[in-house]
Structure formats: structure tokens, C-alpha cells
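In the order they appear, the protein sequences are chains D and Z.
According to UniProt numbering, the first sequence is numbered sequentially starting from 1.
According to UniProt numbering, the second sequence is numbered sequentially starting from 1.
We put the CB at the ideal spot given by N, CA and C, even for glycine.
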Amino acid sequence: MTNESELTISRLIAAPPAAVWNAWSIPENLEKWWIPAPIECRVDMLDLRPGGGFVTRMREEGAADFQPHVDGCFLDVVPEKKIVFTTVLTEGWQPAEPWLALTAILTFEPQDGGTLYAARVLHKNPDDSSKHLELGFHEGWGTAIAQLAELTER
Amino acid sequence: MANQQTSLDTVFHALADPTRRAVIGRLLGGAAPVKRLAEPFAMGLPAFMKHLSVLETSGLIRSEKAGRVRTCHLNADRLAAAEDWLSEQRAVWQGRTDRLAAFVESQNPPTK
Numbered sequence: 001m002t003n004e005s006e007l008t009i010s011r012l013i014a015a016p017p018a019a020v021w022n023a024w025s026i027p028e029n030l031e032k033w034w035i036p037a038p039i040e041c042r043v044d045m046l047d048l049r050p051g052g053g054f055v056t057r058m059r060e061e062g063a064a065d066f067q068p069h070v071d072g073c074f075l076d077v078v079p080e081k082k083i084v085f086t087t088v089l090t091e092g093w094q095p096a097e098p099w100l101a102l103t104a105i106l107t108f109e110p111q112d113g114g115t116l117y118a119a120r121v122l123h124k125n126p127d128d129s130s131k132h133l134e135l136g137f138h139e140g141w142g143t144a145i146a147q148l149a150e151l152t153e154r
Numbered sequence: 001m002a003n004q005q006t007s008l009d010t011v012f013h014a015l016a017d018p019t020r021r022a023v024i025g026r027l028l029g030g031a032a033p034v035k036r037l038a039e040p041f042a043m044g045l046p047a048f049m050k051h052l053s054v055l056e057t058s059g060l061i062r063s064e065k066a067g068r069v070r071t072c073h074l075n076a077d078r079l080a081a082a083e084d085w086l087s088e089q090r091a092v093w094q095g096r097t098d099r100l101a102a103f104v105e106s107q108n109p110p111t112k
């Protein structure tokens, strides 16, 4: 039974840590996988250093404007090894009141010629998961799975 | 819906303490009287009762008194609500991790 507001997810990726790092650290790459299609993702800030801002925005299919998605701050960054960010602070460690408070600890470890990518996501508690749903987080899950299959089977 | 979300806060607050999680774990096996629930813990009954009161406020447990014995029951629905929230979160991060892997692997086809 999971009884704390913490999630751990890991996956072996068949590419070296440098490649996974590139998918994370180059804005146009991050835009390709950070939010499930058909929702569009725009990376407004990706300042990979402690205190650096992390801002992504999202636009649903057919919508005119981009909406807020993540507005956070990096806490720890070790190229090709580790990224820690939180939404409880924004750029320059400015305290914030996010609609979804979380701290994510992402690690990239070389393993079997690939990368063991692990995400540990810490939540204060479920603030506002209804907003989470309104913002369309779960739309396009089916599409995302189909896209994944398409990409991997290519 | 708004009430449900707010009350999830009290559920996670209740689950944030190891004593209270242990009580929940115990009640998963069936209802039990307060006195027996308190036995494994090195704390006075008043301190233990405070933990029970937090659990009761969150709706995770309910209790009833018969004569001099107060018996606690688990409300499985409330526990399931917390699990649902966590599994939604898991789906978001799992999907993201899958897409990251798909993207990286398509950019870096394995050399054979």
C-alpha cells in the first residue's frame, strides 16, 4: 500500500545518459515529450542551475492561448546525472503558491549500456487535483501510448 | 467535488504520521478495540487518542462505543480516495517517462 504522497518511477532507456540529458536540457527537445500530444508544450525558461527558473506552458488543441503548466525553480543540477526542481519556489528561489506543490528528483544512471532514469516526485498533499484535471493533464493519454508505440516500433 | 479535494488534505495529513499509518495497517485486518490498538505503541493513552482523533477527523476510521469498549473500524473508501489521487499522479509521471524514453531512443537508434 502506498500511503505517503510520494511517487517513484523508473525506466531503463536504451541510450546513454548524455542522450537523456539532451532530451531534458534542450528546450525544443523537452517540448516534444514533457506533455502528451495533442497538447502543445512551450518551454519559456529552462535555466539549468540551482535557483534557475523552469517555466513550461501548454496549449490544448484548437485553443488560442498557452496556459500555465509548470512554474518552478531548479534546486540541484548535475549534468548527465541529476535534476531536482520544485514548484514551491520560482526563479531565484522566490516563494510561490503553486496549484500543485511538488518537488521532483530525477536521476540518470548508466546501466547496461543505457540509462536508468528515475523520477521521485514528492507532494505536500493533493492541493488541487481538480485543477490538474481541468488543465487537461490526462487528455491524450491514449494518444501518448499510441505515439510511444509508433516511435519504438519505427 | 471541491469538498472531496479539501478533505483529501486531511487524509494525507493523517497518513503523514507513522503511528497513524501503523493503526491503519492494523485495521486493514479488521476492526479492533482502542485498548488493543494502543498496545504496540510506547506512548500514553491520551497521546494515542490524539492520533485516533486525527484519523477520525480525516474519515479514515470511525469508532463506536459499546459499554466500556470503543471499537475502531477502517473506512476503506477514504483510503481508496487517497490511492486514486496518487495513481493519477503516477500516470502523469509514468507517461512522461515513457515519452522521454521513446523520444531519446528514436533520436539515438541502438547501433547493431
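Does the beta-carbon distance from P16 (chain D) to P110 (chain D) come in below 8 angstroms? In this structure, P110 (chain D) lies closer than 8 angstroms to P16 (chain D) by Cβ.
From which residue to which residue does the beta strand (DSSP E) around G114 (chain D) run? Looking at the DSSP string, the run of the beta strand (DSSP E) that includes G114 (chain D) is G114 to H123.
Only counting runs of 4 or more residues, tell me where the alpha helix (DSSP H) segments fall wholly within the UniProt domain "HTH arsR-type" (1–94) of chain Z, in order along the chain. Listed in chain order, the complete alpha helix (DSSP H) runs (minimum 4 residues) inside the UniProt domain "HTH arsR-type" (1–94) of chain Z are 2–15, 18–27, 34–38 and 45–57.
Could you tell me the alpha carbon to alpha carbon distance between G52 (chain D) and A91 (chain Z), rounded to whole angstroms? Cα-Cα distance, rounded: 27 angstroms.
Taking only beta-carbon atoms, is S25 (chain D) less than 8 angstroms away from chain Z? S25 (chain D) does not count as touching chain Z.
For V104 (chain Z), which residues in chain D fall below 7 angstroms Cβ to Cβ? Within 7 angstroms Cβ-Cβ: I13, A15, A19, V20 and A23.
A68 (chain D) - partner residues in DSSP beta bridges: According to the sequence shown, residue 68 (chain D) is Pro rather than Ala. In the DSSP secondary-structure assignment, P68 (chain D) is bridged to D:R57.
Going by DSSP, what residues sit across from G85 (chain D) in a beta bridge? Correcting the residue identity first, residue 85 (chain D) is Phe in this sequence and not Gly. Answer by DSSP bridge pairing, in chain order: D:F74 and D:A104.
I'd like to check one pair, S10 (chain D) with H123 (chain D): are the Cβ atoms closer than 8 angstroms? It is not a contact, given that the beta carbons lie outside the stated cut-off.
If I measure Cβ to Cβ from G92 (chain D) and keep anything under 7 angstroms in the same chain, skipping five residues before and after, which residues do I get? Cβ within range, chain order: G51.
Would you kindly check if the distance between the Cβ of V121 (chain D) and the Cβ of Q89 (chain Z) is under 8 angstroms? If you check the CB distance, Q89 (chain Z) and V121 (chain D) come in under 8 angstroms.
At a Cβ cut of 9 angstroms, what residues of the segment 20–52 of chain Z count as close to chain D, listed as they run along the chain? Listed by position, the residues of the segment 20–52 of chain Z near chain D (Cβ gap below 9 angstroms) are R21, I24, G25 and L28.
Residue from D:A14, D:E61, D:L30 and D:A63 whose Cα sits closest to the Cα of V70 (chain D): Relative to the Cα of V70 (chain D), the nearest Cα in the group D:A14, D:E61, D:L30 and D:A63 belongs to D:L30.
With DSSP collapsed to three states, give me the class of E91 (chain D). Correct three-state label for E91 (chain D): helix.
Apart from the five residues just before and just after S129 (chain D), which ones in its own chain have a Cβ nearer than 6 angstroms to its Cβ? Reliability fails at S129 (chain D), whose pLDDT of 47 lies under 50, so the model's placement of it is uncertain and the value that follows must be treated cautiously. Cβ within range, chain order: n/a, list empty.
Going along the chain, which residues of its own chain have a beta-carbon closer than 7 angstroms to the beta-carbon of L37 (chain Z), five neighbours each way excluded? Only V23, R26 and C72 meet the Cβ criterion.
Going by other Cβ atoms of all chains shown within 10 Å of its Cβ, with 16 needed for buried, is N3 (chain Z) buried or exposed? Unreliable positioning characterises N3 (chain Z) in this predicted model, as indicated by a pLDDT of 47, which lies under 50. A coordinate reading is not provided.
When burial is assigned at 16 or more other CB atoms within 10 Å of the CB, is G113 (chain D) buried or exposed? Flag for G113 (chain D) reads exposed.
Rounded distance between the beta-carbons of P68 (chain D) and R57 (chain D), thought under 8 angstroms: With a beta-carbon spacing of about 6 angstroms, R57 (chain D) and P68 (chain D) fall inside the 8 angstroms limit used to define contacts.
Under 8 angstroms from the C-beta of V121 (chain D): neighbouring residues of chain Z: Against chain Z, a Cβ distance below 8 angstroms from V121 (chain D) picks out Q89 and W93.
Simplified DSSP state of S5 (chain D), which is helix, strand or coil: In the displayed model, S5 (chain D) falls within coil according to three-state DSSP, outside both helix and strand.
Work out the CA separation of G62 (chain D) and T8 (chain D) for me, nearest whole Å. A direct Cα-to-Cα measurement between T8 (chain D) and G62 (chain D) gives close to 34 angstroms.
Could you give the C-beta distance for F54 (chain D) and K81 (chain D), rounded to a whole number, given that I count them as a contact under 8 angstroms? Going by Cβ atoms, the distance from F54 (chain D) to K81 (chain D) rounds to 17 angstroms, so no, they are not a contact pair.
Just to confirm the assignment, what range does the beta strand (DSSP E) spanning L30 (chain D) have? Element bounds for L30 (chain D): not the beta strand (DSSP E) but the alpha helix (DSSP H), P27 to W33.
Just by C-beta distance, which residues in the segment 67–87 of chain D are closer than 7 angstroms to chain Z? Among the residues of the segment 67–87 of chain D, none has a Cβ less than 7 angstroms away from any Cβ of chain Z.
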